[in-house]
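Structure first, then comments.
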Amino acid sequence: MSQGITLSPSRQLKKRYRAEKRFKAYCIGALVLAMAFLVLFFTDMIRQGYSAFVQTEIEVEVTYNEDTVKFTNESVREEVSPLISRAFYRTIPRRVDANPELMGTTETRWLTATAHVDQYRKGYSDRLDPELKATLDRLDSEGRVSYGFNSGLFFSGDSKIPSNAGLWSAFVGSFYVMIVVLLVSFPIGVATAIYLEEFAPDNRFTQGIEININNLAAVPSILFGLLGLAIFINFFGVPRSSALAGGLTLSLMTLPVIIISTRAALKAVPQNIRQGAQAVGASRWQAIRDHVLPLSLPGILTGTIIGIAQAMGETAPLLLIGMIAYIPDAPTSMTEAATVLPAQIFTWSGMPEGAYVSLTAAGILVLLSLLITLNATAVILRNRFERRW
Amino acid sequence: METSQILLVFFGGLVPMAAVAFALGRRKALLSDAAGSRMHSLPAQYGVYVATWMALPALAIGIVAASAALLGLQVPSAPFVLSFALFGAAVGLMIALRKVEPTLRARNAIEKFVYWTLFAASLVSILTTFGIIISILFEALKFFSQVSVWDFVTGTNWSPVATFRPGQQAADSQFGSVPLFAGTFMITLVAMSVAIPVGLLSAIYMSEYASYRVRTLAKPMLEILAGIPTVVYGFFAAITVSPLVVEVANFFGLHASYTNALAPGLVMGIMIIPFISSLSDDVINSIPNSLREGAYALGATKSETIKQIILPAAFPGIMAAALLGVSRALGETMIVVMAAGLRPNLTWNPLEDMTTVTVRIVDALTGDQAFDSPETLAAFALGLVLFVVTLTLNLISIIVIRKFRQSYE
C-alpha cells in the first residue's frame, strides 16, 4: 500500500477495483479450466469409443458339409472368406453338432467382419489388401455390408480376436468382487462407525483409531495391493487372481470410506432422539438400534454406494494380485481366476492391434456410465430420504 | 469334503440350532415368569442370550480350525471338526440355559457382547495398517540384507537383472533408487503446479464469489473429476495428452518422448484438482464471517479481504490439503503405468521419458519373476519408502486439519 499513498484517492480506488476484477477473473478462469477439461475428456472418450458399439457385418452364404466342418473357412466363398472374423469359423463344428439337420445345407447369414475390415470401413486405417477392398466395395454396392449392434461387447468374454472381444467376464468378475467388498466392508465399517461415534471414550486410543482411519483413506492404493499379495495370497493361500483375493483387498480400501460417511450420518442425528429414547427406558444400544440407525440409514447407504463405486473403478492393487489375467470365460466361483472392468480396460489398452483402442474407449464409456448410475443413485437416495434437523 | 460343502453344513446346522436355542431360552423365561417370579429382562432377550452362548463356542472352534488349515497346520478331518463344534455348541447351550433365572441380567449381557463386537470391528482398521507394515517390512528387510541401504538411497543407476528361477543370483544388478524418486518428484511437481492453483482458485470462487446456484452446479461437476477411475485417466493421458504434448513440443522446435513425464503429470494434476478444491472449500467456509465483516468494515475490497485476511487465516488448512494432494500424487499408479516410461532416467527435462516408484513396483510384481528375486524384493523396498513418505505427509495434514477445526469451533 505504500506506493498507493502517492496516488490520488480516486486513482487508487480505480487501481484497487481493477485488482479486484482481475482476481475474480482468475478464480472464474480456474473453474472454467476444470470444467473445460471435463468436457474435453468426455468428448474425447465418446469420439474414440462410440464406433465400437457397432460392428461391420457382411451377408454371406454359409455351406455346411463334411469338408467345411474340417476346413471351416471354406464354408463361405473363397473371396469373402478373409473378410469374416475367425471367431465365426470356430463355431461351425459346434453348430453342426447341435443341429445335425444343418449338414449339407446352405444358409444366408449376417456375419461379423474381421477387425481389419471394420477399422477400414470406420475410416481408422487404410491398411487393407486392395483385393479385399475391391470385394468389400462390391458387396457394399450390393447392399450386403452394414453395421450391426455389437452385442458381443456386452455378452462375450475377452478374446485375442478384437471383433470377438467383450466385457462379459469382466462384468461377472466385478460383480463377484463387489459382493465380497459389500459383505466384508459394510458390516465392519458400520460397526466401527457406531463404536467410534456412540460408545468410544474420548481417550488417546480412540484418537489413534480415528487418525489411523483417516490415514488409511489416504494410503496409496498400490500399497493395499502389496498387502493383498503378501497376506491374503502368500500367507493365507487365497487363490491368486481370484475374485475373493481382489474383493478382500478392495474391502480394506473401502472400509475407511464407509466408516467416515457412516460417522457423518450418525453425527447428523440430533441428541434429542437418543435422549428421548433413553428417557422412556431404552438402553443406549436399544436407542441406537431402534432410533438412530433407522434415521441415519439413508446416509449410511449413500456412503456405502459411493465406496462401492470407488472400489469398482480401482485397478492398481488388483494388478499386483494378478487380476490382469486373460479370462475368456466368465468365472463361476469366488476362487476362480477373474478379471474386473477396469482391469479389462487396462489389458485392452496394452493390446497392439488398433481395433483395441476403440474397444478400450468403449469399455471406458460402459464403466463410466455404470459409475455415474451408482453415484446418481446415491445422490437421489440422499436427497429423497435424508432428513434435515 | 469341499470347502463350500463344509461351510454349508456348518452354517446350515448353526442357524436352525440358534433358532432352537432362542426358543428354549425364551420358553424358560416365559415359564418362570408365569410361575410368578419377576424376570430382569424381556423373554426374547433371554432367548438371544442363550442363542449367543450356543453359537459362540461353535464359531470359535470353526474359526480356529479354518485359520489353522489356511496356515497349513495339521488339522483333524472336517467331520471331526464339525462334530467337535457341535459338541461345543451343546455345552454352551446347556450352561446358558441353566443360567436363565429371574436374577440374570440378560439384556446387559447381550449389550456387553454387542459393545465388544463393535470394539473388535474398530480394530480391523488398525490391523489393516499393521498388515500393510508387516507385509512390506519383511520383504524389504530381506532386500536390504542383499543390497546396502546406502547404495539404495544414493545410487543413481537402477538396472536389475531379471532372475526367473528361485535362488538364482543376479550379480550385476544395480539398485540405485535416485532416478526413480527423481521421476516421481518431477511428475508430482507437474501435477501440483496444475492442481494447487486451479483447485485453490476454484475453491475461492465457489466459497466467496459464486451464487448459490452456480455453487450447487459446479461442486458436483468437480466431484465427477474425482470419481473418474485412474485407469481411465491413464488411457486419456497415454492416447490423447501425450501425443498432444509431443506435437506442441515439435511446434516449438523441441523434442519430446511419447512417454514424457509432462503428460501423466498434467493429467494427474487434473485428477487432484477436486481433492484440493473440496478440502480448501471446507477450510475457507470454516473461517468465521466476523473476520470478513471486520475487513469490509475497514473498507477492504473482496479480493483484498481474501488475500490478506482469509487466506492467511486458512493457510494451515490449505497447506494440509496440498500435502494430501502431494501424497496422492506420489502414490498414484495407473496414470504413470500407462503413460510414463519404464526407463529410469535422471533428468530435469519433463519432456523426456522418466519412470516412477509405482511403475517399478507394478513392473516387478506383474512379470514372471521368481518371488525371492532381488527385483521383486526391491519392489517391497520401494513400497516401504512410499509408505513412510505418504504416512508422514498424511499424518501432518490430518493433525493440522484437526487442530485447525478445533481452533475455529
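Going down the list, the protein sequences come from chains Y and P.
Sequential numbering of the first sequence, starting at 3, is according to the numbering used here.
Sequential numbering of the second sequence, starting at 45, is according to the numbering used here.
Here a beta-carbon is modelled for each residue, glycine too, at the ideal position from N, C-alpha and C.
Quick one: what does DSSP say residue i is sitting in, helix, strand or coil?
i               : result
M3 of chain Y   : Caution is warranted here: a pLDDT of 48 is assigned to M3 of chain Y, below 50, making its placement in the model unreliable, and the coordinate value is therefore given only provisionally. Note: M3 of chain Y maps to coil in three-state DSSP.
W160 of chain P : helix
S244 of chain Y : strand
I163 of chain Y : coil
A109 of chain P : helix
W97 of chain P  : helix
S203 of chain P : strand
I374 of chain Y : helix
I331 of chain P : coil
F73 of chain Y  : coil
I353 of chain P : helix
T304 of chain Y : helix
Q218 of chain P : strand
T391 of chain P : coil
I317 of chain P : helix
I86 of chain Y  : strand
T107 of chain Y : coil
T377 of chain P : coil
T317 of chain Y : coil
T65 of chain Y  : strand
V53 of chain P  : helix
D331 of chain Y : coil
F55 of chain Y  : helix
H118 of chain Y : helix
In this structure, what does DSSP give as the bridge partners for residue i?
i               : result
I60 of chain Y  : Y:L113 and Y:V147
F124 of chain P : The partner list for F124 of chain P (beta bridge, DSSP) is empty, contrary to what the question assumes.
D397 of chain P : P:N304
F359 of chain P : Answer is none; F359 of chain P lacks a bridge partner.
A270 of chain P : A270 of chain P is not bridged to any residue.
A1 of chain Y   : What is shown of chain Y runs 3 to 391, which leaves residue 1 of chain Y out entirely.
Could you tell me which chain Y residues have their CB closer than 8 angstroms to the CB of residue i, listed as they occur along the chain?
i               : result
P241 of chain P : A32
Assuming the contact rule is C-beta atoms closer than 8 angstroms, residue i and residue j should be a hit. Round their C-beta distance to whole Å, please.
i               : j               : result
I260 of chain Y : T306 of chain Y : 6 angstroms
L68 of chain P  : A99 of chain P  : Going by Cβ atoms, the distance from L68 of chain P to A99 of chain P rounds to 13 angstroms, so no, they are not a contact pair.
V242 of chain P : A36 of chain Y  : 6 angstroms
L457 of chain P : P394 of chain P : The displayed coordinates of chain P run from 45 to 453. Any statement about residue 457 of chain P would go beyond what the structure contains.
V186 of chain Y : L250 of chain Y : 7 angstroms
P300 of chain Y : R384 of chain Y : 6 angstroms
T400 of chain P : G227 of chain P : 5 angstroms
G313 of chain P : M236 of chain P : 7 angstroms
T172 of chain P : L218 of chain Y : 6 angstroms
G278 of chain P : I316 of chain P : Wrong, their Cβ atoms sit about 14 angstroms apart, outside the cutoff.
When burial is assigned at 16 or more other CB atoms within 10 Å of the CB, is residue i buried or exposed?
i               : result
H118 of chain Y : buried
Y122 of chain Y : buried
G175 of chain P : buried
F182 of chain P : exposed
G125 of chain Y : exposed
M3 of chain Y   : Note that M3 of chain Y scores 48 on pLDDT, short of 50, meaning its location in the model is unreliable and no value can be drawn from it.
D97 of chain P  : In the sequence under discussion, the amino acid at residue 97 of chain P is Trp, which differs from the Asp named in the question. Buried, because 16 or more other Cβ atoms sit within 10 Å of the Cβ of W97 of chain P.
E212 of chain Y : buried
T161 of chain P : exposed
M378 of chain P : buried
S505 of chain P : There is simply no residue 505 of chain P to check, as chain P begins at 45 and stops at 453 in what is shown.
F219 of chain P : buried
R142 of chain P : exposed
Y452 of chain P : exposed
E59 of chain Y  : buried
T284 of chain P : buried
S263 of chain Y : buried
F43 of chain Y  : buried
Along chain P, which residues have their Cβ under 7 angstroms away from the Cβ of residue i?
i              : result
E22 of chain Y : T345, K346 and S347
Taking Cβ-Cβ distances shorter than 9 angstroms, what residues in chain P pair up with residue i?
i               : result
G315 of chain Y : G271, I272, P273, T274, V275 and V276
A311 of chain Y : G271
At a CB-CB cut-off below 7 angstroms, which residues of chain Y make contact with residue i?
i               : result
E155 of chain P : S285 and W287
F163 of chain P : Y197
R142 of chain P : In chain order: nothing, as chain Y lies at least about 25 angstroms away.
F196 of chain P : Ordered by position in chain Y, no residue passes the 7 angstroms Cβ test against F196 of chain P, which lies about 17 angstroms from the chain.
S179 of chain P : L228, L229, A232 and I233
Using a C-beta to C-beta distance shorter than 9 angstroms, which residues of chain Y count as neighbours of residue i?
i               : result
G411 of chain P : Those do not exist, as G411 of chain P stays about 11 angstroms from chain Y at its closest Cβ, beyond 9 angstroms.
Following a CB-centred definition, is residue i positioned closer than 6 angstroms to any heavy atom of the ligand NAP?
i              : result
Y52 of chain Y : Judged by which ligands are present, the structure shown has none, so any question about the ligand NAP falls away.
At 8 angstroms on the CB atoms, spell out the chain P contacts of residue i, in chain order.
i              : result
Y28 of chain Y : L245
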